[in-house]
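J.: This structure is in structure tokens; I'll ask about it shortly.
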Amino acid sequence: MSRTIDAVVSPTQTNTIPADISGQMLDLDEDDDLEVFSKDLTLADGNMFNASMPTSPGSMVNQCKFEEDEESDSKDIFITVDNPESHVTAIETFITYRVLTKTTRSEFDNSEYEVRRRYQDFLWLKGKLEDAHSTLIVHPLPEKFVVKGMVERFNGDFIETRRKALHKFLNRVADHPILSCSEDFKVFLSAQAWELTTYKKQGPGFLSRMGETVRAVANSVRGVKNRPEEFTAIQEYVEDFSNKIGSLDKVTQRIVKEQKEYLEELKEYGPTYTLWSGSEEELAEQLKGVAGCIERCCKETEEQVGHLSDTLVPVLHEYVLCAETLKAVLRRRDNIQAEFEAKNEALATKKVDRDAESSDLGFVWGSLLGKNPEEARHQRQERLDGEIEEVQRTVGHANMQLYYTWAHQLLLNLALCGALSFPFAEWIWLRC
């Protein structure tokens, strides 16, 4: 092994390797990849050629930091959610959060805004973004109601956990090249409470929303006949992932619950052994030692429970919510395709009706009504032609919407994998 190390360190010299080299060089088994960035290529003529790559791990770190600095410099909107406050009225009790915004975007009248928003306002924003961009993935919000067995609604830990989730939600929207340009997002960040209330009332009425809901339900019941294979594979993957991450989330919450119960029992055992040591003179030292051991176990268990509750459980549950969001996006995509297929069927039916007008049945009905059969047929033919043109326009619109859904998803995937930059992908999308 020492010969191998000598050959790596200096191919022409023989160095003495101390017995303990753990503090002087990296573990080669764990950091073999670092060797690539520390070697220079030796050519046949003895000249040293430095490849066009970082010459050390440190330079790689510096390059990554430089890229992060460039990304932060290109960011034009910064949002902070903090300072939760409790409000009690005669009807309800709720929490509001301060939303601080600093931006250099020209569409904003000022560079800084400070508003207060409650959870219902965040729900409204998420709903508006999903309605306007039905095939985009909007980051999930924390759940409105607390799961049974978890912390209370107005507990300090719960409020802080929700604040962090709301902060992450707004910053995810701000980083998105399309969602961040939404007018609803701008109003949410800049409008005062009464202005936001007035703006909310400008949306579609109840009957309009009910009609959209009925159409969505009808499309989901009708189903999709020819879903593309790529979306079928995505849906199967999301379903499988949702089931597995849901089971993992439930198991983790159960472990945390059992660990908390175990912690409560440990807190009772420690004082018990301490009191017992006062009654047993011969075993006093041993009992005190057991009490001290239990106390140390109690502290370690408390740290473990806190780490699981604050770090692991929220992350796993966020994955559960993300899986549900993905399934909702896929359902909305299926609704778009189902609507397109339904309009195609309606168009085919209208064409069949138009062709059927050439039959003798039109003459019979025209004679019974006392009309000229040729004139009646001509009128019905014109009416069917008008209906066909209208259905063709709706089919074309649905086809374009389906195409835009596919094209936008393709551009977004290219941007996420690094093949395109987000600004360039947005530029292409806005000119489609």
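According to UniProt numbering, the stretch in the sequence shown is residues 1 to 432, in order. C-beta atoms are modelled at their ideal positions from N, C-alpha and C, and glycine is treated no differently. These figures come from a predicted structure and were not determined experimentally.
#1: Looking at the strands, I want to know which residues DSSP matches up with D310.
#2: Compute the Euclidean distance between the alpha carbons of K257 and E302, then round it to the nearest angstrom.
#3: Tell me the rounded alpha-carbon separation between E112 and V81.
#4: Please work out which residues of its chain come closer than 7 angstroms, Cβ to Cβ, to W276, disregarding the five sequence neighbours upstream and downstream, and give them in chain order.
#5: Using 10 angstroms around the beta-carbon of C298, count the other beta-carbons present and answer buried if the total reaches 16, otherwise exposed.
#6: What beta strand (DSSP E) runs, 3 residues minimum, are completely inside the UniProt domain "PX" (75-196)?
#7: Output the distance between the C-alpha atoms of T89 and R163, rounded to the nearest integer angstrom.
#8: Check whether the segment 309-328 and the segment 247-261 are in contact - that is, three or more C-beta pairs closer than 8 angstroms.
#9: Excluding sequence positions up to five away, which residues of its chain have a Cβ less than 6 angstroms from the Cβ of T394?
#10: Can you tell me whether K225 is buried or exposed, with buried defined as 16 or more other CB within 10 angstroms of its CB?
#11: Can you tell me whether DSSP reads N344 as helix, strand or coil?
#12: Since I believe I234 is in contact with G330 (beta carbons under 8 angstroms), could you give me their beta-carbon distance rounded to a whole number of angstroms?
#13: Only counting the same chain, and skipping five residues up and downstream in sequence, which positions put a Cβ closer than 6 angstroms to that of C293?
#14: How would you label T101, buried or exposed, when you count the other beta carbons within 10 angstroms and need 16 or more for buried?
#15: Between K250 and C181, what straight-line distance do the alpha-carbon atoms span, to the nearest angstrom?
#16: Cutting at 6 angstroms between CB atoms, please list the residues of its own chain near F188, excluding the five before and the five after it.
#17: Rounded C-beta distance between R227 and Q304? I'm assuming under 8 angstroms.
#18: For L224, does the three-state DSSP call read helix, strand or coil?
#19: Could you name the residues of the same chain whose beta carbon sits closer than 8 angstroms to that of D76, not counting the 5 residues immediately before and after it, in chain order?
#20: Does the beta-carbon of A165 have 16 or more other beta-carbons within 10 angstroms, so that it is buried, or is it exposed?
#21: Buried or exposed, going by whether 16 or more other CB atoms sit within 10 Å of the CB of K144?
#22: On a Cα-Cα basis, can you pick out the residue from A193, T135, A191, T96 that is closest to H167?
#23: Start and end of the alpha helix (DSSP H) containing K260?
#24: Taking 8 angstroms as the cut-off, does the segment 315-334 touch the segment 129-143 (at least 3 CB pairs, one atom from each stretch)?
#25: Taking all protein chains shown into account, decide if residue 464 is buried (16 or more other Cβ within 10 angstroms of its Cβ) or exposed.
#26: Under 8 angstroms between the Cβ atoms of A291 and Y262?
#27: Label D121 either buried or exposed according to how many other C-beta atoms from any shown protein chain fall within 10 Å of its C-beta, with 16 as the threshold for buried.
#28: DSSP on L283, reduced to helix/strand/coil?
#29: Using a threshold of 8 angstroms, state whether the C-beta atoms of A328 and S242 are closer than that.
#30: Compute the beta-carbon to beta-carbon distance between F231 and R116, rounded to the nearest angstrom, for a pair I have assumed lies under 8 angstroms.
T.: According to the structure shown:
#1: The residue labelled residue 310 in the question sits at position 310 within the sequence shown. None, per the DSSP bridge assignment.
#2: For the purposes of this step, residue 257 is taken as residue 257 along the sequence shown, with counting starting at 1. For the purposes of this step, residue 302 is taken as residue 302 along the sequence shown, with counting starting at 1. In a straight line, the C-alpha of K257 is about 12 angstroms away from that of E302.
#3: Counting from one through the sequence shown, the residue named residue 112 turns up at place 112. Counting from one through the sequence shown, the residue named residue 81 turns up at place 81. So the two alpha carbons sit approximately 14 angstroms from each other.
#4: The residue labelled residue 276 in the question sits at position 276 within the sequence shown. The answer, listed in chain order, is L287.
#5: Sequence index remark: in the sequence shown, residue 298 carries index 298 (1-based). With 16 or more other Cβ atoms within 10 Å, it is buried.
#6: 77-88, 93-103, 112-118
#7: Locating residue 89 in the sequence shown gives position 89, counting from the first residue. Locating residue 163 in the sequence shown gives position 163, counting from the first residue. Cα-Cα distance, rounded: 22 angstroms.
#8: yes
#9: If you number the sequence shown from 1, residue 394 lands on position 394. Counting only Cβ-Cβ distances below 6 angstroms, and skipping sequence neighbours, we find K343.
#10: As a position in the sequence shown, residue 225 is number 225, starting the count at 1. Its Cβ having fewer than 16 others within 10 Å, K225 is exposed.
#11: Taking the first residue of the sequence shown as position 1, residue 344 is located at position 344. Correct three-state label for N344: helix.
#12: Taking the first residue of the sequence shown as 1, we reach residue 330 at position 330. Taking the first residue of the sequence shown as 1, we reach residue 234 at position 234. According to the sequence provided, residue 330 is Leu. The question's Gly does not apply to it. Confirmed, Cβ separation roughly 7 angstroms.
#13: Within the sequence shown, residue 293 is the residue found at index 293, counting from 1. Within the same chain, C293 has no close Cβ partners at all.
#14: The count along the sequence shown starts at 1 and reaches residue 101 at position 101. Buried, because 16 or more other Cβ atoms sit within 10 Å of the Cβ of T101.
#15: Working through the sequence shown from its first residue, we reach residue 250 at position 250. Working through the sequence shown from its first residue, we reach residue 181 at position 181. Each residue's alpha carbon lies about 37 angstroms from the other.
#16: For the purposes of this step, residue 188 is taken as the residue at position 188 of the sequence shown. Once the five neighbours on either side are set aside, the close Cβ partners of F188 are L125.
#17: Taking the sequence shown and counting its residues from 1, the one referred to as residue 227 is at position 227. Taking the sequence shown and counting its residues from 1, the one referred to as residue 304 is at position 304. No, R227 and Q304 are not in contact; Cβ-Cβ is about 46 angstroms, not under 8 angstroms.
#18: Within the sequence shown, numbered from 1, the residue matching residue 224 stands at position 224. For clarity, residue 224 is Val in the given sequence; the question names Leu instead. If DSSP states are grouped into helix, strand and coil, V224 belongs with coil.
#19: Your numbering for residue 76 matches position 76 in the sequence shown. Closer than 8 angstroms at the Cβ level, and outside the excluded window around D76, lie T103, T104, R105.
#20: Along the sequence shown, read from residue 1 onward, the residue named residue 165 stands at position 165. The residue in question, A165, is buried, as its Cβ has 16 or more Cβ neighbours within 10 Å.
#21: Indexing the sequence shown from 1 puts residue 144 at position 144. Its Cβ having fewer than 16 others within 10 Å, K144 is exposed.
#22: Translated into positions along the sequence shown, residue 167 becomes position 167. It is T96 whose Cα lies nearest to the Cα of H167.
#23: Here residue 260 refers to the residue found at position 260 of the sequence shown. Residues 229-279.
#24: yes
#25: Nothing in the structure corresponds to residue 464, since the chain is present only between 1 and 432.
#26: Indexing the sequence shown from 1 puts residue 291 at position 291. Indexing the sequence shown from 1 puts residue 262 at position 262. Cβ atoms of A291 and Y262: not closer than 8 angstroms.
#27: The count along the sequence shown starts at 1 and reaches residue 121 at position 121. By the neighbour-count rule (16 or more Cβ atoms within 10 Å), D121 is buried.
#28: By one-based count along the sequence shown, residue 283 stands at place 283. It is coil, neither helix nor strand.
#29: As a working mapping, residue 328 is identified with position 328 in the sequence shown. As a working mapping, residue 242 is identified with position 242 in the sequence shown. Against a cut-off of 8 angstroms, the Cβ pair of S242 and A328 comes out as no contact.
#30: One-based indexing of the sequence shown puts residue 231 at position 231. One-based indexing of the sequence shown puts residue 116 at position 116. Contact doesn't hold; Cβ gap of about 41 angstroms is too wide.
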